[in-house]
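> Everything in the sequence shown is counted per the UniProt record's numbering, starting at 1 for the first residue and increasing by one.
Beta carbons: idealized from backbone N, C-alpha and C, even for Gly.
Please read these numbers as outputs of a predicted model, since none were measured by experiment.
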Amino acid sequence: MTRANGRSNGTMRPLRSAKGVLNRADGSGRFAHDKTTVLCGVYGPVEVKLRDEQLDKATLEVIFKQNIGLTSTREKFLESFLKETLEALIMTNLHPRTLIQITFQTLQNDGSLLSAAFNAACMALMNAGIPLNSTFASVSLCILLNGDILLDPTADEEEQAESRHVFVFDSRREGAYCVHSEGPFLQEKFDKCYDYAALSAKVILDYMKAARE
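What follows is the structure in structure tokens.
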């Protein structure tokens, strides 16, 4: 299958990134999968309100904003999933009784939004000097009704898909760090998605390494 922009099924869109793009943040990063662009800012560690204080680790606050419209259930899910995953990737035990706030702003959404957010977060956290258990990268795929697997899908492709999958890989472990899937799928197809994602995550991790040097 040839996609609308001429890509093959297993080809990612062009990647773009920038670091230190927000003057008032302690660290920031912008990451784009072609048109899909997310801006991430990191603030802290700073003093935390007493009611939110944790004695053994930093408190993590995640805020996700779309470029238009009011906050919806979808944004709340994205905040929750990002927070749960990032809490495990950040060495929060090194900054107990503090607050680390991570904000996301969607600048443009043409599919694979959650992956772009994770990748922007990795850039921003490194820019802020927040200690990480490892660097990480995210890849999205979808499976169409005819069984075709599309890497780094656009919004139109996600709309047509029977299932959608988001993988997060870190640079230290062999397997995926976490996976989020929506919709019905066969295990055989999921395994192929996983293989695509693992290879593509390495490409993104190498890209991030070059971008921060």
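Start and end of the alpha helix (DSSP H) containing residue 190?
Residues 187–212.
> Taking only three categories from DSSP, how would you classify residue 182?
Reduced to three states, the DSSP call for residue 182 is strand.
> Mapping DSSP to helix, strand and coil, what is residue 97?
Here residue 97 sits in coil by DSSP.
> Which term fits residue 47, buried or exposed, when burial requires 16 or more other beta carbons within 10 angstroms of its beta carbon?
Exposed, since its Cβ has fewer than 16 Cβ neighbours within 10 Å.
> With a threshold of 16 other CB atoms inside 10 Å of the CB of residue 80, please say whether the residue is buried or exposed.
Exposed.
> Taking the straight line between their C-alpha atoms, what separation do you get for residue 44 and residue 26?
Cα to Cα, the separation comes out at about 6 Å.
> Return the CA-CA distance between residue 211 and residue 137, expressed in angstroms with no decimal places.
Whole-angstrom Cα-Cα distance: 13 Å.
> Tell whether a beta-carbon distance below 8 Å holds between residue 58 and residue 100.
Their beta carbons are under 8 Å apart, which means residue 58 touches residue 100 by this criterion.
> If I follow the unbroken beta strand (DSSP E) through residue 72, where does it start and stop?
Premise fails: residue 72 is in no beta strand (DSSP E) and is neither H nor E.
> Okay, do the stretch 6–26 and the stretch 174–184 touch, 3+ Cβ pairs below 8 Å being the bar?
The stretch 6–26, when compared against the stretch 174–184, does not touch it at the 8 Å Cβ threshold.
> Report the three-state DSSP secondary structure of residue 79 (helix, strand or coil).
Of the three classes helix, strand and coil, the one that applies to residue 79 here is helix, per DSSP.
> So for residue 115, helix, strand or coil by DSSP?
It is helical.
> Name the DSSP bridge partner or partners of residue 102?
Answer by DSSP bridge pairing, in chain order: 42 and 62.
> Taking buried to mean at least 16 other C-beta atoms within 10 Å of its own C-beta, is residue 93 buried or exposed?
Exposed, because fewer than 16 other Cβ atoms sit within 10 Å of the Cβ of residue 93.
> Thinking residue 165 and residue 193 are a contact (beta carbons under 8 Å), I'd like their distance in whole angstroms, please.
Contact flag correct, Cβ pair sits at about 5 Å.
> Name the residue from 52, 176, 207 and 66 whose alpha carbon lies nearest to the alpha carbon of residue 104.
If we check each option's Cα against that of residue 104, 66 comes out closest.
> Do the CB positions of residue 15 and residue 204 come within less than 8 Å of each other?
Their beta carbons are under 8 Å apart, which means residue 15 touches residue 204 by this criterion.
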